[in-house]
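What follows is a single structure, written as structure tokens, with notes after it.
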């Protein structure tokens, strides 16, 4: 972890501290408030590289990548902003690699009172609500009922809050049912975005058709609609490549042809190209 990387992390923590408290940042990162304060105040001498990396990864600080405003980035950003501004619920369901998550996390990074969580297959009901509290920068200790009430109470205290639940399809039914409780308690006050791959839409449709408890109610609350995104275009890849230092037309064309409608492949090929260029530079230096 070099000084430039540490400075980038410190700058991001300083920016975050203008939006939320240092205590909330510490809760999100899983470290002490004192450590966050030391980093912001450039008292770095006793902070290990492992701790720097933990903060960087946990808070999704990515200094080596420049965001490009692709068509899907703009679409998702606008949809999420509308959900926040009007306190409505929407659902986005499309294939992996379309840029959904990047747009969500960028929106959360910029705007106040936005809580983003990326769901995991192994979560229990309690671990799910604990992660929601951690993402909000709150204390996550207590019984399941206490945690749920704490989270809802927090959302009620915010101005135009937005909850983004990414990879919603990974939740089991008991965790999925919590969405109904959140919606019922916060309807008209909080915006909701539920998102996942195509399996999310298939699962909800099956649940509705089989009259599974809660599915028809959930489907109604998202407007009985799943929003789709655009295919990855050459212009999207061109924007991403140029933003991240690749301008050679032949290389951009190769990256586009190789991406198979997946922006993760675009990033992988850009990083491979930059690594190759770095090695060549060292040989000629």
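Numbering (our numbering), first residue to last: 184 to 468.
Heads up, the beta-carbon is just placed ideally off N, CA and C, and yes, glycines get one too.
Taking the Cα of residue 309 as reference, the smallest distance to any Cα among 265, 341, 285, 355 is reached at 355.
For residue 426, same chain residues with a beta-carbon under 6 Å away, outside a window of 5 residues either side, are 249, 251 in chain order. Take residue 207, set aside five residues on each side of it, and the residues of its chain with a beta-carbon closer than 7 Å to its own are 320, in chain order. Across the set 200, 330, 380, the C-alpha of 380 shows the shortest separation from the C-alpha of residue 301. Rounded to the nearest whole angstrom, the CA to CA distance from residue 462 to residue 453 is 14 Å. Membership of residue 349 in the beta strand (DSSP E) is indicated by the continuous run 345-349.
Sequence-distant Cβ neighbours of residue 289 in its own chain, meaning closer than 7 Å and more than five residues away, are 250. Taking C-beta atoms as the reference points, residue 378 and residue 358 fail to come closer than 9 Å. Contact between residue 272 and residue 398 does not hold, since their C-beta atoms are separated by about 15 Å, which reaches or exceeds 8 Å. Judged by DSSP in its simplified three-state form, residue 249 adopts coil rather than helix or strand.
Annotation: the continuous beta strand (DSSP E) that includes residue 275 extends over 272-276.
Excluding the 5 residues flanking it on each side, residue 376 has same chain C-beta neighbours closer than 6 Å at 263, 266, 273, 347, in chain order.
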